[in-house]
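According to the working numbering, the sequence shown is numbered sequentially starting from 11.
By construction, the Cβ of each residue, glycine as well, lies at the ideal position given by its N, Cα and C atoms.
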Amino acid sequence: MAGDNSEQIRQNMQIPRTNDPSHLLQLLIELQQAHGHIPGDAIDQLAGSLRLSQASILGVIEFYSFLHRTPRGKYDILFSDNITDQMRGSRLLAERLAGKLGIGIGHTRDDRRVTLDYTSCTGMGDQGPAALVNGQAITRLTTERIDQMADLVEQAVRLEHWPAELFQVSEGIERRDILLNSNYKPGAAIRNCLEEGAATVLNQLEQAGLRGCGGAGFSIAKKWQFCASSEAAEHYVVCNADEGEPGTFKDRYLLQTHADRLFEGMTLCAAVIGAHQGFLYLRGEYRYLLEALQRTLQQRREKNLLGQAILGRDGFDFDIDIHLGAGAYICGEESALIESLEGKRGIPRNRPPFPVTQGYLGMPTVVNNVETLANAALITQQGAEWFRSVGTARSPGSKLLSISGDCERPGIYEFPFGTPISQILATCQAHQTQAVQIGGAAGRLIPPAEFSRTLAFEDLATAGSFMIFNQGRELLNAIDNFTRFFRHESCGFCTPCRVGTALLTRQLGKVMVGHATTKDLDQLGTLGRLMRQTSHCGLGQTAANPVLDGLQKFPGIFQSRLRSTSFEPAFDLDASLEEARALTGRTDPGAHLEGGGV
Ligand SMILES: Cc1cc2nc3c(=O)[nH]c(=O)nc-3n(C[C@H](O)[C@H](O)[C@H](O)COP(=O)(O)O)c2cc1C
Ligand code: SF4
């Protein structure tokens, strides 16, 4: 309960005055940033002013990895634990820092000077190993940089006085094609829409054949059309800049270098669907971009490209707020993202209804990926033919890839759809490639026999992650890393995913240490298929992909680890599978749950 002194607490804690519960998450993020944790007094104060129960606020704090009830160190250092960071030695570097600071990983030092831990992929796969210090990205870690960081921490140098080069995130662009080579004219797409009408824009996007770049590949024209035709008091535009899929960082580049295009795409969408408010949902790991993005928004307001009566059109009022995420991969799933925007835990909703009919605050909402929105702005400016000048009939245009792992030139590449994997590997100078993981941890593992396959929705679809493993790598380590990632990121809402990701990790662990038999491998397959068929959302439906692909395409890496002597396992997966079936009451294919909708 908020007591009589709640106003004093609010002022002391610098909690902005608001009684809108949808602001909860953003307020908690600011409190975390200011105090290194969420103080109990602040929770009382928020419960009173937002009229929420303390339990629901505690539930939100517990849900997000970057929010904490207990104080973190003055320097909160999180090492990116993606497989490509590990391949570049991140674990050894983390241990070196731990040794220098006299602290265990996963702990806060007694003097509260520093906390050290791992976090999921921070989106710096092309310039890793990487870490976050109080939310700020540090790239290209080396032993020298680690020693420098240890000295800065011990000398208590304020973060804003740390050498700027530590925080440098380079663009990393390695190949441009039609999209990145084209000149964008601020306001041109919006002006076209105002002059020629929303129907013309929709028709042009339909002709261009632009499909969502966030994974599902749904037609943008159809999505905007559905939303526009939903009658409601309000409509909303949301840009999904959560980019949490391990190995993906192409949206980081767009946000850093082409934010104006993206905001143009959002404003264009607003003009088409009749929205007055838009949101950019920016993953917490990209907080370092926040100020520059705010500046770009302000410049657009000054040019009358945002705000009241945009480009002089009476009644066309639209503006964009930026909301931060707080370390939850599931919030990239569009309905979980909307829950998070409303200030809640990011638990995926039942679909249908889809966001285009009932999204933010129950109103029709378009959720699109950063790249999709930036492309929409360019197509409206350059025309459908221009977009179709590259790509395939079913996948027109080009795609941004985030290439990392074993190649000489990791970075951002724009390739026309239809490009063979072998050509991509040759361009980024990958040698003796054993496998490519396309589409992130949730994607597909591709062996050399399939390198003639192409980048395309009709063949190998990807939201943009392209991780390369050469012949020298233990592929099982990558599969284990992805599987652990899903266990950590499962929101826990449904049993097949919550229990399944834990069982998968445990069973795979048995293979890793050489205790598994062929029966265990069969059980891994059964478990993976069960999760694919019965999980509530895309995370659980794809979490077993690395294991299933590994078993099918690289059986040798499992078989070579099987135990040769007889050994009775203490853990019986068959019984656990039965238990999971009984708990879910579902063994059906669950095709109705599969993604790809709007
Ligand atoms: C677990 C999960 C995570 C996702 N993460 C992202 C993400 O980080 N960025 C994104 O654009 N889409 C992500 N998606 C897809 C979104 O749900 C949604 O399809 C997408 O934002 C729609 O935009 P698009 O049509 O422009 O692709 C994710 C989906 C799932 C199931
Ligand atoms: S599949 Fe996993 S992430 Fe999705 S709702 Fe179920 S528990 Fe949550």
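HIS268 (DSSP reduced to helix, strand or coil)
Taking the sequence shown and counting its residues from 1, the one referred to as residue 268 is at position 258. Coil, per DSSP.
Taking 8 angstroms as the cut-off, does the segment 152 to 161 touch the segment 99 to 115 (at least 3 CB pairs, one atom from each stretch)?
The answer is yes - the segment 152 to 161 touches the segment 99 to 115, with three or more Cβ pairs under 8 angstroms.
Pick helix, strand or coil for LEU321, following the three-state DSSP scheme.
Taking the sequence shown and counting its residues from 1, one reaches residue 321 at position 311. Per DSSP, reduced to three states, the secondary structure at LEU321 is helical.
Taking 8 angstroms as the threshold (C-beta atoms), are LEU162 and ARG271 in contact?
Taking the sequence shown and counting its residues from 1, the one referred to as residue 271 is at position 261. Taking the sequence shown and counting its residues from 1, the one referred to as residue 162 is at position 152. Their beta carbons are not under 8 angstroms apart, which means ARG271 does not touch LEU162 by this criterion.
Rounded to whole angstroms, what's the CA-CA distance from ILE431 to ILE448? Just pull it up for me.
Working through the sequence shown from its first residue, we reach residue 431 at position 421. Working through the sequence shown from its first residue, we reach residue 448 at position 438. Cα to Cα, ILE431 sits roughly 10 angstroms from ILE448.
Excluding five sequence neighbours on each side, which residues of the same chain lie with their C-beta closer than 6 angstroms to the C-beta of GLY605?
Taking the sequence shown and counting its residues from 1, one reaches residue 605 at position 595. Confidence at GLY605 is low in this model, with a pLDDT of 33, below 50, so the placement of that residue is unreliable and no value is reported for it.
Would you call HIS441 buried or exposed, if buried means 16 or more other Cβ atoms sit within 10 Å of its Cβ?
Taking the first residue of the sequence shown as 1, we reach residue 441 at position 431. When all chains shown are included, HIS441 counts as exposed.
Return helix, strand or coil for PHE73, following the three-state DSSP convention.
Counting from one through the sequence shown, the residue named residue 73 turns up at place 63. Residue state, collapsed to three classes: helix.
Length of the line joining the Cα atoms of HIS602 and LEU485:
Here residue 602 refers to the residue found at position 592 when the sequence shown is read from its first residue. Here residue 485 refers to the residue found at position 475 when the sequence shown is read from its first residue. Summary for HIS602: the model assigns pLDDT 29, below 50, so the residue's position carries little reliability; its value from the coordinates is reported in the next sentence. Cα-Cα distance, rounded: 33 angstroms.
Near PHE76, what residues of its chain come up, given a Cβ to Cβ distance below 7 angstroms and the 5 sequence neighbours on each side ignored?
Stepping through the sequence shown from its first residue, residue 76 is reached at position 66. Here the set comprises GLN42, GLY294, ALA336 and GLY337.
With C-beta atoms as the reference, is GLY133 less than 8 angstroms away from GLU244?
Mapped onto the sequence shown, residue 133 falls at position 123. Mapped onto the sequence shown, residue 244 falls at position 234. Their beta carbons are not under 8 angstroms apart, which means GLY133 does not touch GLU244 by this criterion.
Just to confirm the assignment, what range does the beta strand (DSSP E) spanning ALA147 have?
As a working note, residue 147 is residue 137 in the sequence shown. Residues 146 to 148.
Beta-carbon distances below 6 angstroms to any heavy atom of ligand 2 define the shell here; list its residues in chain order, please.
ILE340, PRO358, SER500, CYS501, GLY502, PHE503, CYS504, CYS507, ARG508, SER545, HIS546, CYS547, LEU549 and GLY550
Which residues bound the alpha helix (DSSP H) around MET97?
Numbered from 1 along the sequence shown, position 87 holds the residue referred to as residue 97. Start and end: 93 to 97.
Contacting residues, own chain, Cβ-Cβ under 8 angstroms from ILE348 (five flanking each side not counted)
The residue you call residue 348 lines up with position 338 of the sequence shown. Here the set comprises VAL248, ARG359, PRO365, GLY369, TYR370, THR375 and VAL377.
Specify, as a first and last residue, the run of the alpha helix (DSSP H) that MET522 falls within.
As a working mapping, residue 522 is identified with position 512 in the sequence shown. MET522 -> alpha helix (DSSP H) spans 505 to 522.
Go ahead and label ASN29 buried or exposed: buried means 16 or more other beta carbons lie within 10 angstroms of its beta carbon, across all protein chains shown.
Locating residue 29 in the sequence shown gives position 19, where the first residue counts as 1. It counts as exposed.
Using a Cβ-Cβ cut-off of 7 angstroms (strictly less than) and excluding sequence neighbours within five positions of THR367, which residues of its own chain qualify?
Against the sequence shown, residue 367 aligns to sequence position 357. Around THR367: SER240 and PRO374.
Which runs of the beta strand (DSSP E), 3 residues or longer, sit entirely within the segment 347 to 433?
375 to 379, 408 to 415 and 421 to 426
On a CA-only basis, which of LEU435, ILE332, ASP136 and ALA554 is nearest GLN96? Give me that one, please.
Against the sequence shown, residue 96 aligns to sequence position 86. Considering only alpha carbons, the answer is ASP136.
For PHE89, the three-state DSSP class (helix, strand or coil)
Stepping through the sequence shown from its first residue, residue 89 is reached at position 79. Correct three-state label for PHE89: strand.
CB-CB under 6 angstroms to HIS128, same chain, minus the five flanking residues each way: which ones, in chain order?
Residue numbering aside, residue 128 sits at position 118 when the sequence shown is read from its first letter. The question names His, but residue 128 in the sequence shown is Tyr. A distance below 6 angstroms between beta-carbons, with the five flanking residues on each side excluded, links TYR128 to the following residues of its chain, in chain order: PHE89 and ASP91.
State the start and end residues of the unbroken beta strand (DSSP E) segment that holds CYS501.
On the sequence shown, position 491 is the one that residue 501 refers to. Where CYS501 is concerned, there is no enclosing beta strand (DSSP E), given that its DSSP letter is neither H nor E.
Where does VAL446 fall in DSSP's three states?
Taking the sequence shown and counting its residues from 1, the one referred to as residue 446 is at position 436. Here VAL446 sits in strand by DSSP.
Between GLU312, PHE328 and PHE259, which lies nearest to GLY284 when the distance is taken from Cα to Cα?
Walking along the sequence shown from the start, residue 284 turns up at place 274. Closest by alpha carbon: PHE328.
In this structure, how does DSSP classify GLU184 when only helix, strand and coil are distinguished?
Within the sequence shown, residue 184 is the residue found at index 174, counting from 1. DSSP places GLU184 in strand when its eight states are reduced to three.
Indicate, with yes or no, if ligand 1 has a heavy atom lying under 7 angstroms from the CB of VAL247.
Locating residue 247 in the sequence shown gives position 237, where the first residue counts as 1. Flag unset: Cβ of VAL247 not near ligand 1.
N- and C-terminal bounds of the beta strand (DSSP E) containing GLY288:
Locating residue 288 in the sequence shown gives position 278, where the first residue counts as 1. 287 to 292 is the span of the beta strand (DSSP E), which, as asked, contains GLY288.
Does at least one heavy atom of ligand 1 sit under 7 angstroms from the Cβ of ALA226?
Working through the sequence shown from its first residue, we reach residue 226 at position 216. Indeed, a heavy atom of ligand 1 lies less than 7 angstroms from the Cβ.
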